[in-house]
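Data first, discussion second: the structure below is written as structure tokens.
Number of protein chains: 2
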Amino acid sequence: MNGISMIQLAKELGLSVSTVSKALGDSHEISASTKKRVLELAKKYKYKPNPFASNLRKKKGKQIAVIIPDIVNNFFALAVDGIESVTMSKHYDTFIYLTHENLEREKAVLEHLESGLISGLIISVCTGREGYAHFQEFYEATRLPLVFFDRVPDLLQFPKVITNNYESSFDATVRLIKAGSKRPVLITTTEPMFTSMERRRGYQDALEKHGIVFTDEMIVHCTDDMELNYTILRKIFSQKKRPDGIFASIEKYAITSYQACKDLKLAIPKDVKVIGMTNLRTAALLNPSLSTLSQPAFDMGKEAAGLLIKMIEKKSYAAANDIIVLPNELTIRDSI
Amino acid sequence: MNGISMIQLAKELGLSVSTVSKALGDSHEISASTKKRVLELAKKYKYKPNPFASNLRKKKGKQIAVIIPDIVNNFFALAVDGIESVTMSKHYDTFIYLTHENLEREKAVLEHLESGLISGLIISVCTGREGYAHFQEFYEATRLPLVFFDRVPDLLQFPKVITNNYESSFDATVRLIKAGSKRPVLITTTEPMFTSMERRRGYQDALEKHGIVFTDEMIVHCTDDMELNYTILRKIFSQKKRPDGIFASIEKYAITSYQACKDLKLAIPKDVKVIGMTNLRTAALLNPSLSTLSQPAFDMGKEAAGLLIKMIEKKSYAAANDIIVLPNELTIRDSI
DNA sequence: GTTTTTTCCTATAACGTTTTCGTAAAAGCC
DNA sequence: GGCTTTTACGAAAACGTTATAGGAAAAAAC
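Line by line, the protein sequences are chains A and B. Quick note: the first sequence uses my numbering, first residue 1, plus one each step. Quick note: the second sequence uses my numbering, first residue 1001, plus one each step.
Written out as structure tokens, the structure is:
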């Protein structure tokens, strides 16, 4: 806004603007002594290049955007933390946009970003998928690098950072079975999502592998309405042939499961064994402490940002087909 | 990056660039029919003004920054959510920077932002205060509007959004006393912070008002090291003359208190009554459910962003001395 | 000593807007 | 019809950079 410009530096030094520009850019065309003079005066006046002028001229800048469904969620907060740790160290600025699982908002943000404000984009898509045309369009219009993480679309040309949802869900389900659960249910969302599909596959395959006959009632669909979820769960655990195990594949559902079991006087882990997919730090403090399958959220953010910046700076799509798979971590506590 | 520019629009329409610019800006200098023609072609080509060119020329843009200590923290995540809800609706873009309680990082971010990248700034300062000169300097250099929230410095010329920390801490302490606590302790941080000072004042005044003699040992200083905190708390609750009440004035300390009490077989609320200052959604699910003093984090973010944008757009500092005080909410549950 | 190369710098044209100023033509006024 | 005013547009400068092309002086090559 206020600071000194290159023009004024040049004037005071008796040099041309282009010389100053090159000196500041440490160009080989400029002599060491001139560079020194320029740098010193720049420092004295705390000269900062105007990013708008620079971005305009270079047709790109050091700004990226992150689009996520929610920030009041340990997983995404950790991911943003990871992203920011990388962008900060690489001197990039990070915009944040929240979709709140609203597809229209996601589209609106994407369209807004077609203006060219950013040089790259990290996304975790919202639920309620009806195609991913807007990502294609964004890419067609801007040709900007784009990295998806966790909730990724099935678009081949974009790199992705995900976790081993299938394998870890398989493992978690096996742990429930080995702990004695004869009829573990999967709690998942009604919204179609890549991640929950994978987790469901892992769950079902584990059942099959251990000779447990899968029936549709073993998938419990919960919603965004926590009250309703409570009712659903309570009903299911009131049946004669109630489940004796829970794999809560979505963060918030584990807590509701606990609530329902507690109220129905079902002992955890004696009557019901529970594993929750969650990054909540309070998991260990619940009563009994909750066994969790947690995602390496921070590292996912780090990887995504690292990949994105690599793509931005190499101007290459060599990395385009990269799919980075990080392992989820199973922590067995008292709930199993 | 790729899209069409005004120049190309003008060419195709047989108009000058300035006419197109004015038409898009809905200037009165342009006839209705011309405006219509321009708008239509712009829409057809999905024209988006280049923000860098625009910002450069206008010497300001619609970007703001948020600097906070941490995002993996319900309070700040909610605040960012509130901020984003406002900036999104007002068509501003929001940068995010995390200091991780590191003063050097805070200073570095501020210095970086002196480049003029943004038009306004929202901050919650990090702990370990040794003056606030860098904020002054930032303001001197940029003259940009700046709004503090929650953790605010004692700089008169900047507007702030805070909560009634003194009053609500007073009230919470009174509730502990009325619930039967004869010797409630305050758990706070070693780091000097405006908010914790206020909370401490409220706590002490409540004691005094109810005839409880305050001694220094009643302030328990915890740290960032959760293991150490556990040790500290355990020691304190192992004494003969142990406390019978806890006001945990920092989010994470409530959980550690629970842990320590549980391990020492001290029953909550029979032996120890607890109120925690926290926005954790799992508070109600702890055993026993935790009574909380929670901050209106989302609304604080909303207020701060609203104030900032008002300042940006009015170009006035009429609001400069505003201090918006929102009430904390005391929710009594089973821990008291 | 001339030619060639290298070194170091400058002039100038972008980048895509917005804004100021100027000016034809149309409209209003008497 | 001559005058002023309004309407509707265009020319050009400006915002602060960076990149391209060019050129004078110094150094190297023969």
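Cβ coordinates follow ideal geometry from the N, Cα and C atoms, glycine included.
In the same chain as residue 1021/B, and ignoring 5 residues on each side of it, the C-beta atoms closer than 7 Å to its own belong to 1006, in chain order. In the structure shown, the three-state DSSP call for residue 1221/B is strand. When 177/A, 153/A, 119/A are compared, the shortest CA-CA separation from residue 142/A is found for 119/A. Listed along chain A, the residues sitting closer than 7 Å to residue 1095/B by beta-carbon distance are 93, 94, 95. With the rule of 3 Cβ pairs closer than 8 Å, the stretch 167-177 of chain A does not count as touching the stretch 234-243 of chain A.
Residue 1010/B sits in a helix when the DSSP states are folded into three classes. With the rule of 3 Cβ pairs closer than 8 Å, the stretch 1297-1312 of chain B counts as touching the stretch 1079-1095 of chain B. Proximity of chain B to residue 81/A at the Cβ level (cut-off 7 Å) is accounted for by 1071, 1072, 1098, in chain order. Put simply, the backbone Cα of residue 96/A is about 11 Å away from that of residue 83/A. Closest option to residue 1076/B, judged by alpha-carbon separation, among 1200/B, 1182/B, 1251/B: 1251/B.
Contact between the stretch 272-281 of chain A and the stretch 55-65 of chain A is not established, with fewer than three Cβ pairs separated by less than 8 Å. Taking a contact to require three or more Cβ pairs closer than 8 Å, the stretch 28-48 of chain A and the stretch 100-117 of chain A do not qualify as touching.
Rounded to the nearest whole angstrom, the C-alpha separation of residue 298/A and residue 150/A is 12 Å. Interface residue (Cβ-Cβ distance to chain A less than 7 Å): residue 1164/B is not classified as such.
Residue-level contact check: residue 55/A touches chain B, since one or more beta carbons of chain B fall below 7 Å from its beta carbon.
Residue pairing for residue 148/A: DSSP places it in a beta bridge opposite 123/A, 160/A. At a cut-off of 7 Å between beta-carbon atoms, residue 1229/B makes no contact with chain A.
Counting the other CB atoms within 10 Å of its CB gives residue 300/A a total of 16 or more, which places it among the buried residues. Beta-bridge partners of residue 1072/B (DSSP): none assigned. Taking 7 Å as the upper bound on Cβ-Cβ separation, chain B lies near residues 255, 258, 259 of the stretch 250-268 of chain A.
For residue 1194/B, the three-state secondary structure derived from DSSP is helix.
Runs of beta strand (DSSP E) with 3 or more residues, each lying fully within the stretch 1073-1123 of chain B, are found at 1093-1098, 1120-1123, listed in chain order. Less than 7 Å divides the Cβ of residue 336/A from the Cβ of residue 273/A. In the displayed model, residue 1015/B falls within coil according to three-state DSSP, outside both helix and strand.
For residue 1287/B, the chain A residues whose Cβ falls inside 7 Å of its Cβ are 287, in order along the chain.
Counting along the chain, residue 1248/B sits inside the beta strand (DSSP E) bounded by residues 1245-1248.
Legend: CB atoms of the stretch 294-309 of chain A lying less than 8 Å from CB atoms of chain B are not found in any residue. In this structure, residue 1328/B sits near residue 1163/B, with a CB-CB distance shorter than 7 Å.
Within chain B, the residues 1071, 1072 have their CB atoms less than 9 Å from the CB of residue 78/A, given in chain order. Interface residue (Cβ-Cβ distance to chain B less than 7 Å): residue 313/A is not classified as such. Residues of chain B with a Cβ closer than 9 Å to the Cβ of residue 84/A are, in chain order, 1071, 1096, 1097, 1098. Of the residues assessed, residue 1294/B falls on the buried side of the cut-off, its CB having 16 or more other CB atoms within 10 angstroms.
When C-beta distances to chain A are compared with 7 Å, the residues of the stretch 1271-1285 of chain B below that value are 1280, 1282, 1285, in chain order.
Of the other Cβ atoms in all chains shown, fewer than 16 fall within 10 Å of the Cβ of residue 1223/B; this residue is therefore exposed. Residue 276/A: member of the beta strand (DSSP E) spanning 273-277, first to last residue.
Residues of the stretch 1136-1152 of chain B whose Cβ lies closer than 8 Å to any Cβ of chain A, in chain order: 1141, 1142, 1143, 1144.
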